[in-house]
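Colleague:
Residue numbers (UniProt numbering): 1 to 86.
(1) For residue 68, name the three-state secondary structure that DSSP assigns.
(2) With respect to the alpha helix (DSSP H) encompassing residue 44, which residues constitute its N-terminal and C-terminal limits?
(3) Within a Cβ cutoff of 6 angstroms, which residues of the same chain sit near residue 74, ignoring the five residues on either side of it in sequence?
(4) Identify whether residue 61 lies in helix, strand or coil by the three-state DSSP scheme.
(5) Can you have a look at residue 6 and say buried or exposed, based on whether 16 or more other CB atoms are within 10 angstroms of its CB?
(6) Given this structure, state the Cα-to-Cα distance separating residue 59 from residue 81, to the nearest angstrom.
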């Protein structure tokens with residue numbers, strides 16, 4: 001269940017960067033943290049906001065948590081934006 005406004009979630013530049021990275025391929029928190037000048041716990045907090053807004057999904061593989069873009073989560077954004085193109 002979505003608890004965060006997806007527009008609020010993507011308003012942060014670090015979260016947009018994470019989405020761009022995840023668009024290319026699913027990744028772990030450690031892999032994502034390597035590309036940002038913020039701590040791994042900060043990356044986890046940003047991913048939580050993206051999870052809460054359904055923009056990313058997470059699966060477990062052993063002890064790893066793999067994050068990926070949740071395409072269905074972008075439906076609300078797309079529906080709102082589409083009204084401006086028709």
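No residue lacks a Cβ here, since even glycine has one placed at the ideal position from N, Cα and C. Everything numeric in this text was worked out from a predicted model, so none of it was measured.
Modeller: Once the coordinates are examined:
(1) Residue 68 falls in the strand class under three-state DSSP.
(2) It spans 40-52 - the alpha helix (DSSP H) in which residue 44 sits, taken as one unbroken run.
(3) The same chain holds no residue with a CB closer than 6 angstroms to that of residue 74 once the five nearest residues on each side in sequence are set aside.
(4) Residue 61 carries a strand assignment under DSSP once its states are collapsed to helix, strand and coil.
(5) Buried, because 16 or more other Cβ atoms sit within 10 Å of the Cβ of residue 6.
(6) Whole-angstrom Cα-Cα distance: 29 angstroms.
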